[in-house]
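Single-structure report; data block below.
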Amino acid sequence: MLWEVGIPGKVGTLWEGGVFKLRIIFPDDYPQKPPKCQFVPPLFHPNVYPSGTVCLSIVNEDQDWKPAITLKQILLGIQDLLNDPNPNSPAQSDAYVLFKRDRAAYDKRIREQTAAHRSTD
Numbered sequence: 004m005l006w007e008v009g010i011p012g013k014v015g016t017l018w019e020g021g022v023f024k025l026r027i028i029f030p031d032d033y034p035q036k037p038p039k040c041q042f043v044p045p046l047f048h049p050n051v052y053p054s055g056t057v058c059l060s061i062v063n064e065d066q067d068w069k070p071a072i073t074l075k076q077i078l079l080g081i082q083d084l085l086n087d088p089n090p091n092s093p094a095q096s097d098a099y100v101l102f103k104r105d106r107a108a109y110d111k112r113i114r115e116q117t118a119a120h121r122s123t124d
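So, in structure tokens, the structure goes:
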């Protein structure tokens, strides 16, 4: 099963006003195994692989995934991750390096990305 959803950027963050398309692919044995969550197109973010796949422990079968985790918890976790990257789990080297070494340049890049994903509502 495949769902496509929009993750809104949180109010008061660099992501505010953007809506980021996320593809959720549910495996046949869901909820025993976690869904794969992938931004389409891929986002510039330390915890998003170049493929767009989200690097988040609660959707990682080998880390914190539990069948009781709800889709709401997953989506809220991804929304929180946008503004609060986990530097201990980098998935995209360019975004990670910029986040760690030049926060002003990183913030500018995020503002530009958000502007490109503005909601039309």
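Each residue of the sequence shown is one higher than the one before, counting from 4 in our numbering. Glycine included, every Cβ here is placed at the ideal spot set by N, Cα and C. All figures in this text were calculated on a predicted structure; none of them were measured in a lab.
Going by other Cβ atoms of all chains shown within 10 Å of its Cβ, with 16 needed for buried, is residue i buried or exposed?
{"i": "A71", "result": "exposed"}
{"i": "Q95", "result": "buried"}
{"i": "L101", "result": "buried"}
{"i": "I10", "result": "buried"}
Could you pull out every residue in the same chain whose Cβ sits closer than 7 angstroms to the Cβ of residue i, ignoring the five residues on either side in sequence?
{"i": "V43", "result": "K24, R26 and G55"}
{"i": "G20", "result": "G12, T117, R121 and S122"}
On a Cα-Cα basis, can you pick out the residue from the options that is closest to residue i?
{"i": "C58", "options": "K75, Q82, V8 and Q35", "result": "Q82"}
{"i": "I93", "options": "G21, W6 and S60", "result": "Note that residue 93 corresponds to Pro in the displayed sequence, not to Ile. Taking only the C-alpha atoms, the option nearest P93 is S60."}
{"i": "K13", "options": "P30, K69, V62 and L79", "result": "L79"}
{"i": "Y109", "options": "A98, E19, D31 and A118", "result": "A98"}
{"i": "Q116", "options": "L74, G15, V22 and W6", "result": "V22"}
{"i": "N91", "options": "K75, D31, R121 and V51", "result": "V51"}
{"i": "L84", "options": "K111, P34, D105 and V62", "result": "V62"}
{"i": "Q35", "options": "E64, A119 and G15", "result": "E64"}
{"i": "Y33", "options": "A118, F47, D105 and L5", "result": "L5"}
{"i": "V8", "options": "P30, D31, K39 and G15", "result": "K39"}
Whose C-beta lies closer than 6 angstroms to the C-beta of residue i among residues of the same chain, with five residues either side of it excluded?
{"i": "W68", "result": "P37"}
{"i": "Q41", "result": "R26, G55 and T56"}
{"i": "F29", "result": "M4 and P38"}
List the whole-angstrom C-beta distance separating residue i from residue j, where the pair is believed to meet the contact cut-off of C-beta under 8 angstroms.
{"i": "P45", "j": "P88", "result": "Actually they are not in contact, since the Cβ atoms of P45 and P88 sit about 15 angstroms apart, beyond 8 angstroms."}
{"i": "L17", "j": "I113", "result": "4 angstroms"}
Determine the DSSP secondary structure at residue i, reduced to helix, strand or coil.
{"i": "E64", "result": "coil"}
{"i": "I72", "result": "coil"}
{"i": "E7", "result": "strand"}
{"i": "F23", "result": "strand"}
{"i": "T127", "result": "Residue coverage of the chain in this structure runs from 4 to 124, which leaves residue 127 outside it and unanswerable."}
{"i": "K39", "result": "strand"}
{"i": "V100", "result": "helix"}
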